[in-house]
Each structure stands twice: as C-alpha cells, then as structure tokens.
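Undergrad:
Protein chains in written order, with this note's numbering: chain A, 1 to 108; chain B, 1001 to 1121.
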C-alpha cells in the first residue's frame, strides 16, 4: 500500500498568517490527491481535488500544488475558522486510498 | 442535510449494526458512495466504496468480509451492514457521495453528519 505522510503534525500560527502543509506519498501517485478540512463534530469538507483544483465554494485563500510524490496545501490569511485539522488523501481509479495522519493548525 | 445518517449506537463485540444514509437531493443511481470512519482521537480512515451501478465494491482490509454496502433505490437509502463488530470498529462513521456522476472519481464532495458506533461489552 502507498503510505501518505503529512508534515508537520501540528502547526502554530496566528490569524492573518500564511501556512503550508506538506503531504508525501511513498510512491508516485501522479495527481490523485485530495485535501479535506476536518473540524471537531463536523463532517470533513473537500477543499482540493486532483492535487490543485479548488472545490466549488471553497475560499480562494486555499491553494494546493504538487504531483508525483510531494504535495502542498497553502492557506493564506488564516481566519479563525481555519484553525482545525487538515488531511490529504490519495485516490486512484478504483477507490479512495489512504489518508494522511492529519495536520492540526492551532492558534499561536 | 443533503445526506442524513442514522443507525449508530452501542453494540457488544461480535454483534451487528446497520448504518443508513438517506438523501432527497441526489439520485443514488447516478453516484457512487463511500463510508469513512474516525476512531476516537485518530485520523480519517476509508472503509468502503460502492459504485453507482453496484458493479464495483471495495472494502478496507480491516472490514473486508464483515461489512457490506448496499442501497435501496426506492428509499434513496445507502446502507453499511456491519457484522462481527470489534472494539476497534468504534468511531464516527460518515457516508459520503463521490464527486463523479456515473463514474467513480474517488474524492468525496458531500458528507453526512456522522453516526457514532461504540463497540463495547
């Protein structure tokens, strides 16, 4: 199985900051990567698919890039609702695959 | 809610439970659906996938042979039948719609509110 490793596990930032989360795949996954935001008590929310495509209705403060084995999610001008946990997930033509372990963005 | 879940609860190890996910918004004949879970204090884990036409079903190794997805077209309902439950199956289970219409794209754009399943004696 392809392993997904996110870094950092926890990230401390302030409102208005720009932050970047990295997701690395143990093998080439081309652009089969999605990013989700997960807040406590809420369902996950799709932010990005195909490595860099912004889901409809998601703020343009979120952007992502990458292909192959290394991917990044960038959030600019952090807002209070952005302080939560983010997951990358690999998928292929068959089914969703492994999620990364998550990155918690906390208030500094 | 566009996907409304029901059926969670407390169950003893070895017993069964069925989760339901109903939608009045989407034609479940046109979309694949997935189940994803989150154990307490842990990350997200993909559990199962069923394509729109039911020709393709996939299960995580941890649930294969014990969990089964199905759907009732007339009730617009998607189910996750969970048998031989184990304590490690405890968590919040989410049903989610595949982003693709009549094709599995395998990223999930609409989610239910979650159902808590607790497996404990």
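Virtual Cβ for every residue (Gly too), placed ideally from N, Cα, C.
#1: Please check the pair residue 34(A) and residue 91(A), which I expect to be a contact at CB under 8 Å, by giving their CB distance rounded to whole angstroms.
#2: Identify, in the order they occur along the chain, each residue of the same chain with its Cβ nearer than 6 Å to the Cβ of residue 63(A), setting aside the five sequence neighbours on each side.
#3: Which residue's Cα is closest to the Cα of residue 1070(B): 1119(B), 1012(B), 1035(B) and 1086(B)?
#4: For residue 74(A), list the residues DSSP reports as bridge partners.
#5: Which of the residues in the segment 89-106 of chain A, read from start to end, lie with their CB under 9 Å from any CB of chain B?
#6: Using a Cβ-Cβ distance cut-off of 8 Å, determine whether residue 49(A) contacts chain B.
#7: List the residues of chain B whose Cβ lies closer than 7 Å to the Cβ of residue 87(A), in chain order.
#8: Just by C-beta distance, which residues in the segment 9-23 of chain A are closer than 7 Å to chain B?
#9: I want to verify the contact list: residues of chain B whose CB lies under 7 Å from the CB of residue 34(A), in sequence order.
#10: Can you list, in chain order, the residues of the segment 40-72 of chain A whose Cβ is nearer than 7 Å to any Cβ on chain B?
#11: I'd like to check one pair, residue 1012(B) with residue 1112(B): are the Cβ atoms closer than 8 Å?
#12: Leaving out five residues on either side along the sequence, give the residues of the same chain with a beta carbon under 6 Å from the beta carbon of residue 15(A).
#13: By Cβ distance, which residues of its chain are closer than 6 Å to residue 1008(B), with the 5 residues on each side in sequence left out?
#14: Helix, strand or coil for residue 1087(B), going by three-state DSSP, please let me know.
#15: Listing by chain order, which chain A residues have their CB less than 9 Å from the CB of residue 1114(B)?
#16: What does the alpha-carbon distance come out to for the pair residue 36(A) and residue 1068(B)?
#17: State yes or no: is the beta carbon of residue 1111(B) nearer than 8 Å to at least one beta carbon in chain A?
#18: Please decide whether residue 1094(B) counts as near chain A, where near means a Cβ-Cβ distance under 8 Å.
#19: Buried or exposed for residue 1102(B), going by 16 or more other Cβ atoms inside 10 Å?
#20: Compare the C-beta of residue 1049(B) with all C-beta atoms of chain A and state if any pair is closer than 8 Å.
#21: Within 10 Å of its beta-carbon, does residue 107(A) have 16 or more other beta-carbons around it, so buried, or fewer, so exposed?
#22: With distances taken between CB atoms, is the gap from residue 9(A) to residue 97(A) smaller than 8 Å?
#23: Based on the DSSP secondary-structure assignment, which residues constitute the bridge partners of residue 1096(B)?
TA: In short, the structure shows the following:
#1: In this structure, residue 34(A) and residue 91(A) form a Cβ contact; the two beta carbons are roughly 6 Å apart against a cut-off of 8 Å.
#2: Closer than 6 Å at the Cβ level, and outside the excluded window around residue 63(A), lie 74.
#3: Checking every option, the nearest Cα to that of residue 1070(B) belongs to 1035(B).
#4: For residue 74(A), which the question treats as bridged, DSSP gives the partners 20(A) and 63(A).
#5: Listed in sequence order: 89, 91, 92, 93, 94, 95, 96, 97, 98, 99, 100, 101 and 102.
#6: It does; some Cβ of chain B falls within 8 Å.
#7: Below the 7 Å Cβ cutoff, chain B contributes 1043 and 1044 as neighbours of residue 87(A), in chain order.
#8: Residues of the segment 9-23 of chain A whose Cβ lies closer than 7 Å to any Cβ of chain B: none.
#9: Per Cβ cutoff of 7 Å: 1107.
#10: Here the close residues are 43, 44, 46, 49 and 55.
#11: Taking the C-beta atoms as reference points, residue 1012(B) is found no nearer than 8 Å to residue 1112(B).
#12: Within the same chain, 78 come within 6 Å of residue 15(A) by CB-CB distance, once the 5 residues on both sides are set aside.
#13: Apart from the 5 residues on each side of it in sequence, residue 1008(B) sits with its Cβ closer than 6 Å to the Cβ of 1115, 1116 and 1117 in its chain, given in chain order.
#14: Helix, per DSSP.
#15: Residues of chain A passing the Cβ test: 41, 42 and 43.
#16: Roughly 25 Å separates the two Cα atoms.
#17: So yes, residue 1111(B) belongs to the interface.
#18: Taking Cβ atoms only, chain A reaches closer than 8 Å to residue 1094(B), which makes this a yes.
#19: When all chains shown are included, residue 1102(B) counts as exposed.
#20: It does; some Cβ of chain A falls within 8 Å.
#21: Counting of Cβ neighbours within 10 angstroms places residue 107(A) among the exposed residues, the total staying below 16.
#22: Contact flag unset, no.
#23: Bridge partners of residue 1096(B): 1034(B) and 1111(B).
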